[in-house]
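Below is one structure, written out as structure tokens; comments come after it.
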DNA sequence: AAAAAAAATACAATCGATTGTAATTTGAAA
DNA sequence: TTTCAAATTACAATCGATTGTATTTTTTTT
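Residue numbers (this note's numbering), protein chains in the order written: chain X, 1 to 341; chain H, 342 to 682.
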């Protein structure tokens, strides 16, 4: 079942392949009459352009490479939906690979993207990614690169679309304080990632600004999976140190913690109030519903992709000025923080 | 920043490009000595094979096209994770596009895949997809195609990886009956999709096998979003027809329904027991936790991708026998169905 | 040392589309 | 009708890697 090429069209019409090519691309150098003939014949023969050939010649693949830690994590899948949306409307394809939080895999993926000559790369780095030589290589190759959500502090000159993690965390913590919490714990994520550092900083500053002292013992660092939230809460309760609020750097851990409290008969928010981060679908469903910080994953993906495409188009035009877009998150108040004062 | 080609390597070593190519591919026709020289020079010049060129020549893109209705739906993102896993380990790239449940978009995506000469296509069709000419076209082009989860009854001769929807639904319904439910409602999805038809059939047969009469008034068809579950439950309760169990064709709708019952003070499972479908993360978190049917999305994606790759490799060897793999789902018992008899 | 066999390398066409340049055709002006 | 510019179309090289065939070099055999 060989596919038709422009040569077949050309031969069967007795004209040259270059004319066929120009006709198909609606070039002004071809007469209307021939264009019609070519288009008709193309349809008749079921012609479908071979983009492999076209891309080779044009040195452009119309493809964007995306690296995420894990596709099935809700935030990332939303992000991808946004990327897909923007890419689709600009005529780009999207290759997606997951690093599974492994640096080695991430490197392989990047190499593969280079070999496939993607026009640009969107990445949210893995936990393990500390030195970013593989990404610097991209920049040296002059290949547009945009970070989203998780970036490399190692590379100052780069395009990024981030959440206002600091502000979000500050708001979340301040919200708990306003609701009357006196002793607030924090579930934090891997400190290799800037974003968790920033959420921690936001938490810290909100405390200080409200004359509450920051106590490292109240900060639990983990991968923030649900069961870690459960376990962290257990430990905190065992030490029985009068905690009455928790700001969790993600929703899953908060949900785990709430589930633990339910098992021991503690009330949320009366005994302990909660704020999470991300607005995961879980947060709306858990009992009581979880106050959280919406990160706008879809918009982030869309913005990141648009920024990348902008970059692709302006390639080599000017010494690129790097942009950092920060999407300001919004606190969504639900029941888990509605403490009576 | 021009990229190095085999010609540069060849020239700088004073040998022919064909030798370089063979050296890079570790062909036995090249001496070890030259291989070493070539490899060294390649590294020195930062050579990265241009797969656009290679793919054109080899008529193989090493890329798999995937169409899903919506990436951010948990089941599909899990499925994609499975696909990615299998693809990665076989050296394939994955292009992902979402139909957003629109036939027109689906058609465009397929055309694009053909133009990009993907080696095969994995698809879970949209709601709107009833006639599948665009997919038949793929088959005519001799392009391997595997359906997963949602397939086209229109195309009998095809490869599919499906859930045992009938069996799952049967089990779920029977489970409710065994727990003592006497009047069981069913939330069903769009009947354009085989899978919802099958879940309905399973529900029906389980009733009949247990001498309970099937009452169409108890079947609510919707898109199964959370709020539809909420609304359906409201309607069912308004009619006050003594329902004491619900089998929902997905988890979101069940969660919505449970949330409604909470607002009117009805108890789950005491007053009304629930079983959902899919084992969405929500199902574990909702209060009470939702008994559901695990669909093994990851395995489905992996299996589908492996089947596709098998197909790609055996292309043209034999008149393809079509396979349908059915993954048998498992009932996960949680609290929402633990009714006292 | 010459002949034959084997190993290594070079030449050249190919995948399918694009594009600068050259050649031809068309139509208008003289 | 001739002339010249404009509109069409054809020719040929190119993108970068692959591969069958031809040629050269090396090794083995006699």
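Glycine included, each C-beta is placed from N, C-alpha and C at the ideal position.
task = Return helix, strand or coil for residue 509 of chain H, following the three-state DSSP convention.
result = If DSSP states are grouped into helix, strand and coil, residue 509 of chain H belongs with the helices.
request  = Please list the residues of the segment 86-98 of chain X that have a C-beta atom closer than 8 Å to any C-beta atom in chain H, keeping them in chain order.
outcome  = 88, 93, 94, 95, 96, 97 and 98
ask   = Whose C-beta lies closer than 8 Å to the C-beta of residue 643 of chain H among residues of the same chain, with five residues either side of it excluded?
value = 423, 424, 426 and 427
query = From the DSSP output, which residues share a beta bridge with residue 360 of chain H?
reply = Residue 360 of chain H pairs with nothing; no bridge assigned.
inquiry  = Give me the DSSP bridge partner(s) of residue 245 of chain X.
reply    = For residue 245 of chain X, which the question treats as bridged, DSSP gives the partners X/184 and X/273.
query = Looking at chain X, which residues of the segment 372-402 of chain H have a Cβ within less than 7 Å of any of its Cβ atoms?
reply = 389, 390, 391, 392, 393, 394, 396, 397 and 402
key: Contact between the segment 116-130 of chain X and the segment 168-180 of chain X (3+ Cβ pairs under 8 Å)   = Using a Cβ-Cβ distance cut-off of 8 Å, the segment 116-130 of chain X and the segment 168-180 of chain X are not in contact, since fewer than three pairs of beta carbons, one from each stretch, lie closer than that value.
ask   = Under 7 Å between the Cβ atoms of residue 599 of chain H and residue 627 of chain H?
value = yes
ask   = Is residue 419 of chain H close to chain X, meaning its C-beta is less than 7 Å from at least one C-beta of that chain?
value = yes
task = Assign residue 573 of chain H to one of three DSSP states: helix, strand, or coil.
result = helix
request  = Within the segment 55-96 of chain X, note down every full beta strand (DSSP E) run reaching 3 residues or more, in order along the chain.
outcome  = 63-68
inquiry  = Spatial neighbours of residue 280 of chain X within its chain, please: C-beta separation below 6 Å, excluding the five flanking residues on both sides.
reply    = 74 and 251, listed in sequence order.
inquiry  = What are the residues in the segment 604-625 of chain H lying within 8 Å of chain X by C-beta distance?
reply    = 622 and 623
Where the beta strand (DSSP E) through residue 457 of chain H begins and ends = Where residue 457 of chain H is concerned, there is no enclosing beta strand (DSSP E), given that its DSSP letter is neither H nor E.
request  = Determine, using beta-carbon pairs with one atom in the segment 523-541 of chain H and one in the segment 477-487 of chain H, whether at least three such pairs fall under 8 Å.
outcome  = no
inquiry  = At the level of alpha carbons, what is the spacing between residue 262 of chain X and residue 223 of chain X?
reply    = Cα to Cα, residue 262 of chain X sits roughly 22 Å from residue 223 of chain X.
Given 8 Å, three or more beta-carbon pairs between the segment 41-53 of chain X and the segment 377-389 of chain H = no
query = Comparing alpha-carbon positions, which option in H/446, H/417, H/679 and H/431 lies nearest residue 89 of chain X?
reply = H/446
Beta-carbon proximity check, residue 390 of chain H vs residue 379 of chain H, cutoff 7 Å = no
query = If residue 535 of chain H and residue 492 of chain H are in contact, beta carbons under 8 Å, what's the gap, nearest whole angstrom?
reply = 6 Å
request  = Assign residue 369 of chain H to one of two classes, buried (16 or more other C-beta atoms within 10 Å of its C-beta) or exposed (fewer than that).
outcome  = exposed
inquiry  = Alpha carbons only, please: which of H/681, H/443, H/581 and H/629 is nearest the one belonging to residue 465 of chain H?
reply    = H/443
key: Candidates X/269, X/309 and X/304: closest to residue 338 of chain X by CA position   = Looking from the CA of residue 338 of chain X, the closest CA among X/269, X/309 and X/304 belongs to X/269.
key: Identity of the residue in H/580, H/405, H/635 and H/614 nearest residue 677 of chain H by Cα   = H/614
query = Taking C-beta to C-beta, are residue 304 of chain X and residue 141 of chain X nearer than 7 Å?
reply = no
request  = Check distances from the C-beta atoms of the segment 451-477 of chain H to those of chain X and list, in chain order, the residues that come in under 8 Å.
outcome  = When CB distances to chain X are screened at a threshold of 8 Å, the residues of the segment 451-477 of chain H falling below it are 452, 453, 455, 456, 457 and 458, in chain order.
ask   = Within the 7 Å Cβ cut-off, does residue 596 of chain H reach chain X?
value = yes
Bounding residues of the alpha helix (DSSP H) (the contiguous stretch that carries residue 38 of chain X) = Where residue 38 of chain X is concerned, the enclosing alpha helix (DSSP H) starts and stops at 32-45.
DSSP state of residue 219 of chain X mapped onto helix, strand, coil = strand
query = Does the distance from the C-beta atom of residue 119 of chain X to that of residue 61 of chain X stay below 7 Å?
reply = Residue 61 of chain X sits close to residue 119 of chain X, with the two beta carbons spaced by under 7 Å.
message = If we define contact as Cβ-Cβ less than 7 Å, is residue 246 of chain X a contact residue for chain H?
response = no
task = Please say whether residue 253 of chain X and residue 229 of chain X have beta carbons closer to each other than 7 Å?
result = Yes, the pair counts as a contact, with Cβ atoms nearer than the cut-off.
Interface flag, residue 647 of chain H vs chain X, CB-CB below 7 Å = no
ask   = Would you call residue 340 of chain X buried or exposed, if buried means 16 or more other Cβ atoms sit within 10 Å of its Cβ?
value = exposed
Straight-line gap, residue 366 of chain H to residue 354 of chain H (C-alpha atoms, nearest Å) = The alpha-carbon separation between residue 366 of chain H and residue 354 of chain H amounts to approximately 17 Å.
ask   = Beta-carbon separation of residue 605 of chain H and residue 95 of chain X under 7 Å?
value = no
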